[in-house]
Amino acid sequence: MPPPSPSQVDLAASPDQNPLANVPPLTTYTATSETDRVEALKLVGDSVAQQRQFANRQLIFHPLIVAIWVGLLAVAAQFLYKGHHGDLLLVGTTWAGLVMAVLLAIRLVTGGYIEIAEEIATWKWLGKDSEVVVTKFGDEIIGTVIFQFTKSDSNLTSPIITTTTTPPPAPTTSKRHRKSNSSPKHRALVRAWTVKQRYRTKGIGGGLLEEVVRICKSKNITPSAIEFADDHANARKVIPETGIWGVFAFNKAMDRKERAARIMLDTIVEEGMSSREKRRSWKERDRRGS
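So the sequence shown is residues 1 to 290, counted in full-length UniProt numbering.
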């Protein structure tokens with residue numbers, strides 16, 4: 001006799017073979033609730049505060065600082081060690097004190113990032129007209145991009161469009177109106193863009209910028225109008241870029257990260273542009289270059 005077929009109870013009790021069944025959904029959307037916007041602001045503030053840790057590492061391992069460390073330790077050993085075994089303890093404790101002094105000095109130099117983070121994570125900095133796009137992994141906001149629509153000849157506080165109040169244009173919009181609305185005079189300035197540290201390098205940041213491109217397209221604003229604001233959240237540096245600080249390029253690593261972010265934005269913007277928009281963008285770049 002053939003073996004009996006499994007009952008419905010047995011089928012229901014069998015484990016789910018889908019390995020992604022319990023993985024929370026990943027969603028990207030425009031944040032309108034106060035809770036989501038507060039969490040986005042906190043995330044931006046955290047990213048600015050993390051710059052302090054990055055700056056600390058850059059200073060500690062900078063060739064000039066390493067040379068100062070070695071010089072101080074060598075001088076201390078030269079003056080304190082007289083050839084006796086007891087001198088080794090004195091040299092060791094002095095070295096420890098010098099190391100602590102250098103680390104404390106570095107922390108004092110980079111402490112301004114905490115003040116900047118506290119200043120940015122506020123409603124005053126966000127303003128009423130900034131658009132906040134977030135990415136959620138389940139119930140946790142893991143990334144955000146904050147941008148604002150402005151006129152190219154205006155400052156950051158002069159918005160012209162808001163995504164929460166202006167619906168997409170009707171299909172019957174005239175070609176002339178579409179052309180005027182996609183004028184380079186309209187800009188989308190990215191004021192902040194960050195992803196939680198443990199979720200970075202996984203494509204979350206790129207997805208956020210792609211959402212900004214989609215929003216701009218829905219308003220007939222060319223993606224080439226998207227750019228980083230000069231005073232974006234991570235633009236300010238507490239280490240001076242003039243004098244000896246500039247000569248020894250203490251901000252070189254941060255400048256490299258900034259260039260990488262701008263290149264990524266340019267790449268995503270170009271991918272979202274039509275051939276006609278690309279030609280117009282190239283002509284505009286040539287005009288600016290001349």
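In this text, a Cβ means the ideal position worked out from N, Cα and C, and glycines have one as well.
Residues near residue i by beta carbon distance below 7 Å, same chain, minus five either side
i	result
Gln51	Tyr113, Asn234
Val269	Val213, Pro223, Ser224, Ile226
Thr94	Ala76, Leu80
Ser174	Unreliable placement is indicated for Ser174, whose pLDDT of 37 sits below 50; the coordinate value is still reported in the next sentence. Around Ser174: no qualifying Cβ.
Ser180	Here the model assigns Ser180 a pLDDT of 38, short of 50, so the residue's position is not dependable, and the following value carries that caveat. If we look at Ser180 and ignore the five residues flanking it on each side, it has no Cβ neighbours.
Leu98	Leu72, Leu73, Ala76
Glu39	Ile141
DSSP bridge partner residues for residue i (one or two, in chain order)
i	result
His186	Lys151
Thr27	Lys136
Thr144	Val134, Thr194
Glu227	Leu189
Contact set for residue i: own chain, Cβ-Cβ below 8 Å, skip 5 residues either direction
i	result
Val212	Val133, Val145, Phe147, Ala188, Val190, Ile226
Thr135	Leu26, Thr27, Thr28, Ile141, Ile142, Gly143, Thr144, Val195, Ile204, Gly207, Leu208
Gly138	Pro24, Pro25
Gly45	Ala117, Glu118, Ile120, Ala121
Ile239	Ala55, Leu59, Val109, Thr110, Trp245, Phe250, Asn251
residue 297	Past the edges of the chain, shown from 1 to 290, lies residue 297, and the structure says nothing about it.
Start and end residues, beta strand (DSSP E) containing residue i
i	result
Phe137	131-137
Cβ neighbour criterion (16 or more within 10 Å) applied to residue i
i	result
Trp193	buried
Phe61	exposed
Leu103	exposed
Thr110	buried
Val48	buried
Gln78	exposed
Phe248	exposed
Gln58	buried
Gly272	buried
Lys124	exposed
Glu131	buried
Arg259	exposed
Ile68	exposed
Lys219	buried
Boundaries (first-last residue) of the alpha helix (DSSP H) holding residue i
i	result
Thr122	Element bounds for Thr122: n/a, residue is neither H nor E.
Val238	Where Val238 is concerned, there is no enclosing alpha helix (DSSP H), given that its DSSP letter is neither H nor E.
Ala253	252-271
Phe54	34-60
Lys128	Run containing Lys128: none; DSSP gives neither H nor E here.
Gly203	Neither: Gly203 is in no alpha helix (DSSP H) and is coded neither H nor E.
Same chain, Cβ closer than 6 Å to residue i, neighbours up to 5 away in sequence not counted
i	result
Arg176	Note that Arg176 scores a pLDDT of 36, beneath 50, so its modelled location is shaky; the value from the coordinates is reported in the next line. The answer is none, since no qualifying residue turns up.
Tyr199	Ile142
Note to self: Runs of 4 residues minimum, wholly inside the region 69-117: which ones carry the alpha helix (DSSP H) assignment?
What the structure shows: Within the region 69-117, the complete alpha helix (DSSP H) runs of at least 4 residues are 85-110.
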